[in-house]
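J.:
Residue numbers (the working numbering): 4 to 231.
#1: Threshold first: 3 residues or longer. Then list the beta strand (DSSP E) segments lying entirely within the segment 115-184, N to C.
#2: Does the structure place the segment 123-141 close enough to the segment 159-178 that three or more beta carbon pairs sit under 8 Å?
#3: Taking contact to mean at least 3 C-beta pairs separated by less than 8 Å, is the segment 8-22 in contact with the segment 30-44?
#4: Compare the Cα-Cα distances from residue 26 to each of 17, 15, 34, 46 and report the closest residue.
#5: For the candidate residues 147, 85, 70, whose alpha-carbon lies nearest to that of residue 124?
#6: For residue 29, which residues of its own chain have a beta-carbon under 8 Å away from its beta-carbon, when the five flanking residues on both sides are left out?
#7: Looking only at its chain, what residues have a beta carbon closer than 7 Å to the beta carbon of residue 202, apart from the 5 residues adjacent to it on each side?
#8: Do the CB positions of residue 195 and residue 67 come within less than 8 Å of each other?
#9: How would you call residue 64, buried or exposed, if buried means at least 16 neighbouring beta carbons within 10 angstroms?
#10: Compute the distance between the beta-carbons of residue 157 and residue 211, then report whether it is under 8 Å.
#11: Consult DSSP for residue 205 and reduce its assignment to one of helix, strand or coil.
#12: What separation, rounded to the nearest whole angstrom, lies between the Cα atoms of residue 49 and residue 114?
#13: Rounding to the nearest angstrom, what Cα-Cα distance links residue 72 and residue 60 in this structure?
#14: Relative to the C-alpha of residue 80, which candidate in 206, 193, 166 has its C-alpha closest?
#15: For the alpha helix (DSSP H) containing residue 34, list its first residue and its last residue.
#16: Kindly list the residues whose CB is nearer than 7 Å to the CB of residue 138, restricted to its own chain and excluding five residues on each side of it in sequence; keep chain order.
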């Protein structure tokens, strides 16, 4: 690996380790697993597998792992659309989320049918459209739940920051514009940094759920002591 890419790769590995760490935290805590949406667990496990595969392929055959991005963004769009479909709860909004999902998946299917070579490179439409839609869902969820207990707030805020960064990068073009060679500027590093921020917010979400569980346990203990 060229030295100019080494720092970016190390930062990317840190993001991967943080993702795997968060996934393990959620999976090993049986109380947390009972409290959170199962689709969030599936999302973390699936993305961990995809990211590990992406890094392994990237190490063995550099620049040959672009096709992994399709699995990443489509699975992310699928799982998080379902998550917000359940969290928002409104029948009207839920129907909109389902309709948007079916329309977007149909558009993507048609794109790959008519241009199979697109599978082997970044699909800017796929990245921008799915990311922007999830940002809208996350914003709406935060607004709707503003006066309630802030479950999934940390997750939603981190998701918004990360996806807005991704959208901003890909709005300016494909890989040729993302990696500027002269002078060398790896704009991808900004995406990786915001991905790490996203993982930190997921960790905060875990800490929030944990604190709520401990608070509930303490309240139950106080009730039992009051009955003595």
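Glycine is no exception: its CB is placed at the ideal position from the N, C-alpha and C atoms. What you are looking at is a predicted structure, and each value in this text was computed from that prediction instead of being measured.
T.: With the given structure in hand:
#1: 182-184
#2: yes
#3: no
#4: Here residue 26 refers to the residue found at position 23 of the chain shown. Among 17, 15, 34, 46, the Cα nearest to that of residue 26 belongs to 46.
#5: If you number the chain shown from 1, residue 124 lands on position 121. Among 147, 85, 70, the Cα nearest to that of residue 124 belongs to 70.
#6: For the purposes of this step, residue 29 is identified with residue 26 of the chain shown, where counting begins at 1. Counting only Cβ-Cβ distances below 8 Å, and skipping sequence neighbours, we find 35, 36, 39, 43, 44, 47, 209.
#7: Residue 202 sits at position 199 when you count from the first residue of the chain shown. Excluding positions up to five away in sequence, the list reads 18, 21, 22, 25.
#8: Counting from one through the chain shown, the residue named residue 195 turns up at place 192. Counting from one through the chain shown, the residue named residue 67 turns up at place 64. Going by C-beta atoms, residue 195 is not nearer than 8 Å to residue 67.
#9: Within the chain shown, numbered from 1, the residue matching residue 64 stands at position 61. Label assigned to residue 64: exposed.
#10: For the purposes of this step, residue 157 is taken as residue 154 along the chain shown, with counting starting at 1. For the purposes of this step, residue 211 is taken as residue 208 along the chain shown, with counting starting at 1. Yes, Cβ-Cβ distance for residue 157 and residue 211 is below 8 Å.
#11: Your numbering for residue 205 matches position 202 in the chain shown. Of the three classes helix, strand and coil, the one that applies to residue 205 here is helix, per DSSP.
#12: Counting from 1 along the chain shown, the entry for residue 49 is found at position 46. Counting from 1 along the chain shown, the entry for residue 114 is found at position 111. Taking the straight line from one Cα to the other gives about 24 Å.
#13: On the chain shown, residue 72 is found 69 positions in, with the first residue counted as 1. On the chain shown, residue 60 is found 57 positions in, with the first residue counted as 1. Looking at the two C-alpha atoms, the distance is approximately 12 Å.
#14: Residue mapping note: residue 80 aligns to position 77 of the chain shown, counting from 1. Looking at the Cα atoms, 166 is the closest of the given residues.
#15: As a working note, residue 34 is residue 31 in the chain shown. 33-38 is the span of the alpha helix (DSSP H), which, as asked, contains residue 34.
#16: Translated into positions along the chain shown, residue 138 becomes position 135. Cβ within range, chain order: 163, 166, 167.
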